[in-house]
Each structure stands twice: as C-alpha cells, then as structure tokens.
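Protein chains in written order, with the working numbering: chain U, 60 to 534; chain H, 60 to 534; chain D, 60 to 534; chain C, 60 to 534.
In what follows, a structure is listed as structure tokens, so that the remarks can point back to it.
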C-alpha cells in the first residue's frame, strides 16, 4: 500500500481544531512551546541562556517542516534529536533541552496536548449546552407523554425532557471544569523522577529546581504540579481524563437514543439534512443516522476508557510499563471520538424538528391513563373509599388498554367508564373537565426547564467564546 | 440448595462497616432515615404530620426485624408496602411515604447508601495515606535502584518510591473529595421527574415543593440536588462514582505490583503473617498473596466500572432502562471490592519489611551504571570532548554489563575500566570517590518524600478520625 | 453483620441447578468426585489403593457437613487439609490427595465446575431455542413492518424476526458446543506444571504419569487435556468461556431489546404475569421488566468478561498472578448471571403476546412506502424511464410522509397520488392491487423461519433432555 | 490540517499485507471481487449477464484510481454509486449490483475482509508457533528456577516454560481454526433480510435465490452462510472474531510479560536490536521495549473487544443500530493491533537471548529449597516420621532464607543444616548428592516441551506457507 491508512476518527468525525492538537505538526508546535517555556524558566533562574535566543526560537516556532525533520531523523536515527536539531537550526542557536530526558519532553508535552484538548472540549461542550438550552426553552411548554420502562407514565414537556439530558450533561460539565482546574503537570523530573539532572544543572540548588518547575507550569497554563513522580506521570490521570469524556458523552448519548426512539414513533426527526433520506429506493425513510453516530461514538469512547483503565494500576517501579502504544492510540482517538460526538450533537440540535400532530395524538391516546393518580386524589377528596376507588380505576384502565390494543378501539374512554361506575364518585363530565388539555399534569416541568436554561446561561457567561463555536461539516 | 450462596466480596474481603451499609438491615435503616427526613421536611412545610409521630418513628428505626418484613411481603406481594407497614406498625402511626413513588424511595436511598459509602471510603483511604506516609518517612533515605522498563536506571529512595505511589493516590483522593462535595441528590421528583404528586400534595405550591426538596437534602447531609431529572437520577453518576473508586485503586495497585516485583527479587516482603508461608511443602516460599489480592481486586473493580459504563448513555425517555439488576450487582460489589482492596493495603503497609542486605547488593551491582550521566558531566567540566567521553562510557558500560551477565563477573568494575581509558579524563580513584555510597545521585528524592508526608499530614488534619481506623481481620 | 449478605445473582436470578454447582456443598461434592477419579486412576496404575477404599469414599461422598468441615478448618488453619480429613474420616481410610498440590485440586475442580456448568447451560440454551422455535413457527406468517434504523423499511414476518434473533443464537450455540468438545483439563501437573510429585510417586515412570492424567480425564468426562502448563491452566480459557456466554447472550438480548421497543409501540407484550402491571397507581402500565432484566444481565455479563480479560495475558512465570479473587467472583457470578438471563428469556417466550390489531394498523400506515422498490420495478417493466419513475415515487413518498406527520393525515394515499402522476405508468387501482394485503413483499421470510425451526429441531434431537427443562420461578 | 492524521496502528505496527486488506484500495479490490462473484452466480442462474462482461470486469479489477472515484463521489454525492460507475466505466458495461442494497455490498465485503484477515492471521500465528517451537526445542533442557507467585517454587526448563505459553497459544489457535471453518456469510438478503429484491429479480423463484446465495459463498471461499438475518449480520460475530484475537494474544502477552520479568533479573534479553540500548545517556540499559509493546497491544485489543461487545445484544428490530462508526474503528484497528503484536513477537523470538551464568547462579541460590518435597520423600523412605522431618525442613528452610536475605549469606546451606539435624535421617553428603545439578527435579518438563514441538510441527504441516512468513521491519 503506497497511501497510508488515515485515522478514521480524525478524518471523518473530529473537528480541524482538535485534530490540529494531535497532528504531527500540532504536536511539534506544542513541543516547541514547551521547550520555550523551559528556556524562559531556566533563563529567569540564571542559566546562561540569552534572551535573544528565546526570541529567536519564538520567532520560528511556527515554521514546521515535517519532511526536513524526517530527513534528519533518517540520518540521526533518533526522533527527539532530529526535532531538536531542526528547531535549533531554524533559530540559529542551541539552547533547548538542557538537562531534559526524552520523557521530560514527551510526558509533559502529552499532558500539554491533553490540557489544551480539555480546554477545547470545555468550550465546545459549553456551546452544546447553549444549543440544548435554546431547544429546552423553545419547547418548555410542549406537553408530551412521559415514558418510563418505555411505557407511557405521566405527562412531561419536551423542553423538560431535553433539560433532563442537559442536567446529566451539566453534572459532567462540572466534573470537567474541576478536572481542568486540578489537572497537574508532571514537570522536569528526569529519568526516575528525582530531577537528578536538573539538580546537577543547578549545582544541587534544589530551590532553583523547584522554582524552575513552578515557572514552566505557569508558562504552560497549568495550575498544579505533581511532586513525587517516577519517569512518568501516574497513568490513572489518563483514566481520569478519558472517563470524564465518557461521562460527558452519557447525557448526549441518552438524548440521542431517546431521539431515535421518538423518530421511530414519528414524534420527532433529527432533520432532513442531505443524505438523511434513507436509501434512494426508500425515500420516505428518514433515518436518525447522526443520533446513531452519537451512540456509536459513545461505545467507541468506552473502548478507550478500557484501554486507559488497563494502564491504571499496572506501573512497575519507577515506570513505563508497556503504556506507549496504548496511550498513542487511546489518547488522541478518544479525543477525536468525543469531538466527533459533540459535532454530531451540535448538528442534531440545530436540525431537529418535532411533529406536533403526532405528539398530540399520542397524548390523546394516553392522557386518561396518565392522570389516574390525580383522579384518585380527587375521588378521595370527595370522600370515596381508597380501596374501592383504586380498584375501579385499575379495572377500567386495564380494560381500556386491552380494548385499544386487542380490539383496535381508537379512543380512550376511561372517563366514560369511570364516570359510569358507582364505586367512583366523579361523573364523566367532571372527569373530562379534569382531563382538559392544559399543563395541569406536568408538575414542575416548565420550571425545571427554565432553571436549566438559567444554569446554562451562567455557563455561557463563564465561557463567552462558546457562543462563537461553529460546528464542522458533517460527513 | 438450602444454604444461600454468600456474596464472596462481602464475606471475605470487605469490612463490617461497609457491609452494614449494603446489607438488608443496613438498607432498611437508611430507608427509615430517609422517610424520617421527608417527614420532617413535610412537617416543617405545614403538612398535617404531628411532631410526636416523627419521634415515634425515630424511636423505633433501629428495630429491624427482616423476618417480620418478609412475612408481610409474602402476604402483600409488594416489597415497599411491606416495609412501610412494618415501620408504621412499630411506630404506631401512618405518616410516611406520602406523595412518594417507589423510585422516590429507592433511588434516593441508593444515593444515600452511595454517599455514606463514599464518606466511609474517604476516611479509610485517608487512613491508608497516613499509613503509607509513615513508611515513606521511615524509608525516605533508604537508597534503592530506581528502575524504568524494569531495568536499573538511576538511584532513588524507597521512601520516595512509596511517595510516588502516594502521589497518585493523593490525586485520586482529591477527586474523591470533590466528588463527595458535588454529589447531588435526585430528590422527590415522582414518576417522570416533574414532582407532580408532591405538587398535588401541596396544592400546586411549587415553592413549597422546592423547599421540601431542599430540606430533605439537608437532613441527609447532601450539599447539592438535581433539578431536572426523570424517574431516576442520571446513571452516569454511578459511572462517576465507580470510575473514581477505580482511580483510587490505581496507585495502590501499582504499589502492590511493585512490591510483588521487589519480593521476587528478595528486596522486600509483604510480611510473614500466618498463612503467608507458601504451601506446607515449600516453607521458604513467602508469597505476596495480599499484594496479589490488591491487584486482583483492582481487576474486579474494572469489571464493575464496565457494568456502570454500560448504563451511562443508555437511558430511554424518562428512564429505567434495564438498569436494576446491573446496579444491584455493580454498586455494592464495587464498594465491597474497593473496601477489600483498602483493607488488604492496610495490612501490607503494616506488615511489610525490607531486606537491606539485598538492597545494598543490588545497588553495588548497578551503581556505576546509574551514575554515568553524572560521570559524563564531571568529565565535561574537566574539558573532555563530549562525543569522546560519551563513547568511552558507552563502550565500557555495555562491556561490563555483558561481562557480568555472560561471564558471571561479580563486581561492577566500570570505574576501573573508565579510569584506565585515555579518552576519559578522570582516574579510577576519582571515579570511585564519586561513586561512594551516599545520597549524591538521588536528586530531590528525600525532599519529595517529605513533601508527600506533609501533604498527608494535612489530609490527616482534615480527617482526624482517620487515625482511628482499624483494619479488619485478613482472611 | 450477623446475617451474611447473599449473592444477589444466585439468590434472585439463577436456577437451583446452576447454584448447586457453585455452592459450597456443590463444590465439595465435585471435589470429592475429582479425588475419587484420581484414586481410581492411581489404583488402576498399581498404586497401593484398595478397591474397597474407593468404594468407601464413593459411599459417603454425598454426606456433606459444612459445619464439621468448618470446625476442622478452624483447628487446622488449612482449608484443603480440613476437607481431606473430613472425607477420610467419613470413609474410614486415608488414600486421597496423594502426590497432589492444592492447585492440582482447586484448578481441576474449578475446571470441572466450569465444564458441568457449560453442559447445563448447553441444555438450557437448547431448551430456549426450542421455545423460540415454537414462537417462530407460530408467527411465521404474521406480517409486520420490518424496521432498520428504527424506521419502517420493508415488510417481514414476526416469525422471521424471531428466527433472526434465533439465527444469532444458533451461531453462538455452535460455538458453545465446540467449546465444550475442546475444553481441556489441566490435570495433575504439580507445583510448576512438570508433574514432579506424581513422577516421584511412580518412581519416575513418565508413562504411568501420562496414563494417570488420561484416566482422570476420562473419569471426569473431559475429552482433552493440556500438555504443558504451569501451576495453573491458562487463564485465557476463562476468557474463552465467559466471552462465549456473552456471545450466547447477544441474540437473546437483541430479542429482548426489540420486544421492549415493540411493547412501547403496543405491538406486543412480554406478558401479564403478576407484578408486571406497573405501579399500583398506574395500572395500565405493562412494563417489560423481564426483557429489561435480560438486557441488564447482558451488561452484567460484560463486566465479568472484562474481569476475565484482565487475567488473560497477565501470567508471571509459572503462574498465579493475582487471579484468585478475580476468578472467585467472575466465574460463578458470570454463570449465575447467564443462567438468570436464560431463565428470564424462557419466561418471556412463554408469556409473550402480540396485539394483532395494532400490528395491522402499523402495516396499513406504512405499506405503500415499504413497497416502493416493487412499484418501481413494475413501472420499469411497463417501459417507464427509471429516473422519471423514481423521481415521482420520491416526491410523493416524502410528501405523504410529511402530510401524515405534520398534518395528521390518517391514511397513506401514496397509491392515489402516484396513480395520478403522469410520470408514473400505473393507475391507482393497479397500484392498490399490488398493495393488497398478502405476503407478497416478504420474500423468503416464511422459508427462513421454517429453516430456523428445522435447525432447532435438529438441536432438539441432539439434546433430547432439553424438552424437559423447566424454568424456575421468576422473582 | 493539510496532511491527514495517519492510523498509528497501521502505520507503525501492522504489516503491509494486513494493511492492504483494510486500505481504501484494498477494500475496493475486495468489493470488486464480491461484485464479480455475484455476477458469476447470477450468470450461472440465467440472468442476462454475458460472460464477456464478467471477463471485462475481471480484467480491470486491479485498476484502482481512488482519485477518480473521489471525483465521481463529489458529483454524485453517493459513495457506492461512485464506485459502481467507476468500475462499470473501466469495464465498459453495466451489470454489477443488480438487486443489491448498499448493505448487501458493505456487510458482505466487510465479512470478506474479516475472513481474509483471519486467514492471514492464522498463517502468521502458525509462523509464530513455529518460531516459538524452535526456541522451546533449543532450550528444552535448560533448567531454570520455576516461579509461582513470583517466588521460586520448583525447577523447570526454559523450553518447557516457552511451551507453557505455547500451549495457551495452541488452544487459542484451535479456536481460530474452528472460527474460520464456521464463519458464515450473510449473503444477499436485501433491506430487511428477506431477500425480497433478489426474489423479485428471479420472479419469485426462491430456489434460484437460494442457489445464488450458495454460489456467491463458494466464489468467496466461505464454507457457511446465515439463513435468517436482518439488514445486517449478527454483530456478535464481530465480538466472536475480536474476542478470538484477544485470546490469541493472551499466551503471547504472558510470554512477553515473563520475558520482561526475566530481563529485569538479567536472566534473559529480548535482544540487542538497534534502538534497544536505552537512552544514549544510559548505555547499559537494555529495555524490553518490544515485549512491552506486546503487552501494550494486548491492552489495546481489549479496548476493541469492549467496543464490539457494546454492539452485541444491542440490535433494534431488523438492524443497524449505531454500529457503523464502531465497526469502522474496531474491526480494522483490532486487526492492525493484533498483527502488530504478532510482528513484535516474531522479532522477540528471533532476537531473544539468555544469560546462562545468571540462570545457574539463581538455580544455585534456590535449588535446596526447590527440592524440599523430594528430600522429604527420601526421608520418609528411610523411615523418618513425617511430622518431625517436615518440621526440620521447615525450620531450616526459613532460617536459611532469612539468613540469605537479612544477613547476606551468599550460599544456600540447607543441606549442611539439615544433615546436621538429628530429626532428619539423611547426612549432608547424601543430601548434596541428591541436589547435584541435573534434571532430576524437572519431572515431565522435557517431554512436555517435546510434545509441544511435535504439536507445532503438525500445525506446520497443515500450513506449509507458515514457514515462509517474513516479519516486517520493526519501528
């Protein structure tokens, strides 16, 4: 095969911004930013590094020529050395990588990629919440049949339903924010984590070594650092990151699954975007392909959580136990998959529609069933015996349900039957009055949707750039 | 089968305290506490519930007679009703469970079990950190061969190594603390999450409904509540909890794995507790069975994370999609497994020992190798050419290594060889002086161990009861 | 805790037969059968073991007094020794366990438990297939709307749909049969797998050692044995077994999921068994709780596959790396979960019902859409241009679909519209004739159902006892 | 990003042969082979397809111009149509894809990719077994310390140890062979699996439809086909395939892990290949990077098993539930990962070496311990009391072990101590004679290694091409 096989998650699902952080070029840029951060910190602590050199590196950091690097690597047979030489040759000086081991570079840069990816994810997820809140607000009063165990249970509103999935997303978003705030950098800790080489560089001045660590941290935008590490940072941090992505995906995935269920009942559609109209031979078929993709990507994410989980707790001594290939696969691919999931969800929320006529018809079919608890309470207020009233409701409700399912009775006549039953104190007209369309059976639904919208507005204020997020083209 | 099959994780590994939270009796107690919390909140909001009734329930809440409940259930064919009647019969009044659905009871009580379990776990993990910090402090200056890729790399100290695993544990502990602080209660939200029945109970006064939710929260010790839910709380919260336990287990598991590696090289032992002395026919065999158990329990935990992950993102409409049996298994069993892991680790840390003679011998064998970066730096200071000096080190180091492995040479004579090489500017005696035993090659190791100890002391101050935690008997 | 926490999977879901194999008593019985098998083999090979001794052991093997064993263990502090002494004391002689290590006993007995469990599972799964085939046969001509992507696609029959899930089950069943046929016993291989102690017992006569292995195999009903093992049998065999159970569960789980979908659309029900009628306050609610349980148990199984997977590939040297606790949990619990899944499915298949009126109504709503490929072909036969005819179908189909969803049009009038379109060569009546109810659009559906039934009949002939399997009481 | 992100598993680890099956070009070729197979079958059954047309397609099937296809797709906005037109344009006729849906193409071609990949995997795994058998044979008499629980237990031989991992591999290989033999093709079953469109094509002649299915099968090299399917083949087949790869990886992975353990103790090395010599600053460090990679790839595989497992049992109605993206990732990537694992193992087995001096030294240190069961038996033959003799052994063995570990005693003097103990009937010289180096304590080890070698030779005879497999370049 001459042409390389592309990373399918990156090429089909993830956004260019996210891919940029994990592409070869993107990684080289972050690596150079890391080297410069170290240079600055070493410079500030008195190592013999001229300010002009730092400027020189800064100036050329965006000149990324992967082919030139590849040529150097072929000659040197060492990837890190090749990238050092390329960068130095561009800058015209040789100051970077002093006192660093390869892992000091790679582990920290990978954490930098992770942090930057998490920050990007946070912004996009905030955008997704904004998008969802718009829909929740739009449909906060749209009464629908609430279902549990997939069976009609009580009314709710569509906006509340969306807010329900949004609530799960908000919980996960809170975890993401805390994760970013507490995500610690390994730092320049050397071959076994004792920072021996940096200590030697500073003639054993451990205070300077500590200050160096702190300054690098600040330059890169981390808020915390690890103290006692080995050659590597603890791999359970990767598990923490990926399991957080999985949790972030859960609410979205449940929303997508419910939308697939609603679409199958013709209550809603994820939209009529090009390519959504089934096969050419079945034009009526409006498949929820993008929602299915969301569910699929969640399953994919689960696989990467599994991989990261296999590393957590498997460290031997000071480190590096067969984790390279696992992280090389699981870290970028998990972010690609998650980004693809968010992209897909942005499209679904923009394009989705509802079929109000079908929603009304479903409600009409079930409403008397959904209101039985209220009918019972009314009956008790009028002095009916609890057992007797309940028994009447039960008998008639089951009878009506079977009549509709087995005999095809179109209309739910529970009101008529109950009204005619002497055990039940309300007359049919009274029952029908109670059952009038309205929002009488939706409890806090609208208020809950509004509270959700307000919570998301608060998120929007924390991340003003979220409103500028644009979704990518959907393949 | 006449005798029921016991839960093996509960009966062999978990502590009585943890089991108590998930036993039938323990659950009934938490359930009664929940009912009382609701009663109090309803009472405060003006529902017709006499203060004496609440007292009556309080007084009998510990009278748990599971057989009596079973008899009631056999008659009523409804588990929740049976427990309501039993409690009411004991208290002599009928006020509990007003406006509640079964899920209002079960989901909230399960969250209460989870919160209480997390709090217990937090305390025990703090105790484990204290235990580890004692060892890290004890051995902070004990120089050992640091290994990466399982090969000798640079020296470190045993205390620093323990602190390294402790660092991973501290990160996870921080996540646990934040999880507990933010863990939200579902509350009394009714059949589809709109709190319709509570709203009816308070004649549509939504403010009262909200206050009720808030008060129940406070009574149970939760700090946050969910706003928009369905019949259930979002199942990704279970995934969050279990993935947190898994993360907490990672550092412990890596420590156990490394101890197994050290024991196999006779550097350390997990102790000589009864039953630890291999089979009767191999008395010399000191198996690290408890450390193995830790690793095994981490694998078990992974399975429960998998189960919880299967529920996250699989919600249909307002809820309850095939999650009952999964949570019934995964929630208690994950806590049992994790508690067993902590118990085992407490034993290992108490009982472990090191073999200093073997540690010294290993260090002597490798020290010249471990110091090559320092030797190179010294050579450069004396004006040696970098390439030449490095080449000399490389040739001799590889030659000595092969001589020892292939010819059985007992003594590492790198100093002698290097000193005799004209390319290298230091004489053998100078090299040997540099290689004198001491802590010259351990960089920040001791300081890192001390920082860890200080961090754990801070944890100890936050959780003073941690120092009172007693480990259970090890089976 | 005074009362032990029961294994919830065993006590609520699994059948007594399966539990018996993994209960303490059941395990002791299998252990004794194993000892007797070894005795017989050693006897046949000339070791000094009187035939009467074997008889004596045979006679008392069912006398299992776990309390007496517990008393012995408390005294001896060794579980295997306690069980040896108990058995010998009952038999009145001391011949068992010669040349065996503890693992020779435990690993082989666990394999014996696994084999017996697999054989039981095979029988019950055959019974499940028989049950499914009865339904597939009953409904082989019951035309239903076939759905892909949850959207109506083409007609099929309900019997064919069941056969489709049955096909997946048959594939898995084939794997199970092959697994049982090839499942190899570790045998008496001693401490590190070299059979040193048996070799010593037979004075170094390796032929006798091999014959011994072979004979034990035959006595226990295994067909194959392992040659080169360590202290343990390869743990990937456990993964093979558990992943096979998971695969066996897949078809059942997809069937359950589809039944839940059908029930939500009132097309079918899993039955009206006691306790199935929703909460007391919502009598109309017929939840598919048993189907949900099936899906839940499949998720649970996935967790045990994860645990077994964590052991596969993690062996250190000759064995036993932290696998004890994992296998102690995963092996029995996976079988309990799977058995519970099969039990639940047996109930669902017995009790399920369909609502033909609703099925017909759904078919009427969609049939014209489902037949568009056939209509197109007919148009082409009459000389219509492909592009033009296809365009006409597409326009009208989408228009009708939207009319029904957005305007509430009750009747699918695609035939009328197409017939009136000059681009389409068939008149409305001709189209309506094509769309007459019948089985014209179901292709091979009936034949496929019949083939499935025939395949299951063949299974039934291989396992005649399958027709005698009785399902347990459903909790 | 201008340059696409490559699939890291394909580009760094998998072999070109395997990549070819999953590359875009490779897939197009298999797709064309599938179309031709259908054409031939339709031709044989009398459809109006000229033999020349088939020849025309055959002739151009290797002319794969992905850019031309991309241009067509951009115009047509339909990927399958674009590939149909390209192929037809090259062949100069239009006969392919008659009566097929897109899924008829894609699902079958993917199964064809899977079958071809499995066949390739089978061949390479056979080569790996051959490679392992050579080493097992070479070292079948090389006595080493056998370890269980990572502690010295009894002697074994290195060849036997390799055979032990080989035994696990053979079991998995048997499963692979059976999987390939039974792997069934979905066939041309149409939109919902009823083969409606093929039936229409053959005017309802169901026999012809069945024959068509059978012939396509034969052309593609499948031995079995599915009868009752939906739009898709059962997704648990993907789980079966991937879980089989995982099982195949287990023995290799345990071997790699044990080699890492041996290398850390300087007993063995995975070789001195370029790049294996640690960092440039630690030239003595011979990291087992390739063995670590094997373990890492096994963890990666586990993630794909997880993904496939998420699809098994999640089918809705006739199919296609969010599985596209999951399979697009998990299927190729799992094969890439597994192929990379086999490649790595081929390198390790070719390059590995042992350090006999270190092996002997370890054996000398532990041998008296390892022979205690034999010493006890000898003592009993001489009439010693069992309890007394055992007590003597136990006391002295533990004392010697502690003396060596705590006091640094170099020599294992158990023979001297035991010989001097009046409770033990053998004199020191007699004990030392028993402990003479030799193969006296290795039981069946050599025979087991030989049996393994013979079993692999049989595999080699079944797959003669296996001996021609060449490993790829290791990155």
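For every residue, glycine included, the Cβ atom is placed at its ideal position computed from N, Cα and C.
Taking a cut-off of 8 Å for Cβ pairs, the stretch 460 to 477 of chain U and the stretch 425 to 440 of chain U touch, as three or more such pairs fall below it.
Contact annotation: the stretch 205 to 216 of chain D touches the stretch 245 to 265 of chain C, with at least three C-beta pairs closer than 8 Å.
The alpha-carbon of residue 315(C) is positioned some 22 Å away from that of residue 505(C). Taking a contact as a CB-CB distance under 8 Å, the pair residue 192(D) and residue 528(D) does not count as one, their CB atoms being some 14 Å apart. Residues of chain C with a Cβ closer than 9 Å to the Cβ of residue 466(H) are, in chain order, 416.
Within chain U, not a single residue places a beta-carbon under 9 Å from that of residue 199(H); the smallest gap is close to 11 Å.
Contact check for residue 242(U) and residue 177(U): beta-carbon distance about 7 Å, within the 8 Å limit, so the pair qualifies. Counted as a single uninterrupted DSSP element, the beta strand (DSSP E) harbouring residue 213(U) occupies residues 210 to 216.
At a cut-off of 9 Å between C-beta atoms, residue 428(H) does not count as an interface residue with respect to chain U.
Counting only residues of its own chain and dropping the five nearest sequence neighbours on each side, residue 361(C) has a CB closer than 8 Å to the CB of 305. Within chain C, the residues whose beta carbon sits less than 7 Å from that of residue 319(H) are 209, listed in sequence order. Note that the C-beta distance between residue 482(H) and residue 450(H) is below 9 Å. DSSP places residue 207(D) inside the beta strand (DSSP E), whose first and last residues are 202 to 207.
Straight across, the Cα-Cα distance linking residue 394(C) with residue 77(C) is about 8 Å. Counting C-beta pairs closer than 8 Å gives fewer than three between the stretch 197 to 210 of chain C and the stretch 266 to 275 of chain C, which falls short of the contact rule.
For residue 415(U), the enclosing alpha helix (DSSP H) begins and ends at 415 to 429. Inter-residue distance for residue 188(D) and residue 373(C) is about 19 Å (C-alpha atoms, whole angstroms). In the DSSP annotation of this structure, the continuous segment of the alpha helix (DSSP H) that includes residue 192(H) starts and ends at 161 to 197. Non-local beta-carbon contacts of residue 262(U) in its own chain, meaning distances under 6 Å to residues more than five positions away in sequence, are absent. Residue contact with chain H for residue 391(D): present (Cβ-Cβ distance below 9 Å to some residue of chain H).
Two segments are said to touch when three or more pairs of C-beta atoms, one from each, lie closer than 8 Å; by this definition the stretch 84 to 91 of chain H touches the stretch 115 to 124 of chain H. Two segments are said to touch when three or more pairs of C-beta atoms, one from each, lie closer than 8 Å; by this definition the stretch 289 to 302 of chain C does not touch the stretch 216 to 229 of chain C. Those residues of the stretch 234 to 247 of chain C placed with their C-beta closer than 9 Å to a C-beta in chain D are 234, 237, 238, 241 and 243, ordered along the chain. Membership of residue 277(C) in the alpha helix (DSSP H) is indicated by the continuous run 265 to 279. Neighbourhood of residue 373(C) in chain D, by CB distance below 8 Å: 312, 313 and 316, in chain order.
Residue environment analysis places residue 62(C) among the exposed positions, since fewer than 16 neighbouring C-beta atoms fall within 10 angstroms of its C-beta. Assigned with DSSP and collapsed to three states, residue 521(H) falls in helix. In this structure residue 383(U) is in contact with residue 355(C), their Cβ atoms being roughly 6 Å apart against a cut-off of 8 Å. A Cβ-Cβ contact shorter than 9 Å links residue 217(C) with residue 418(C). Annotation: residue 528(U) is outside any alpha helix (DSSP H) and is labelled neither H nor E by DSSP. Taking the Cβ atoms as the reference, residue 170(H) lies roughly 6 Å from residue 292(H), within the contact range of under 8 Å.
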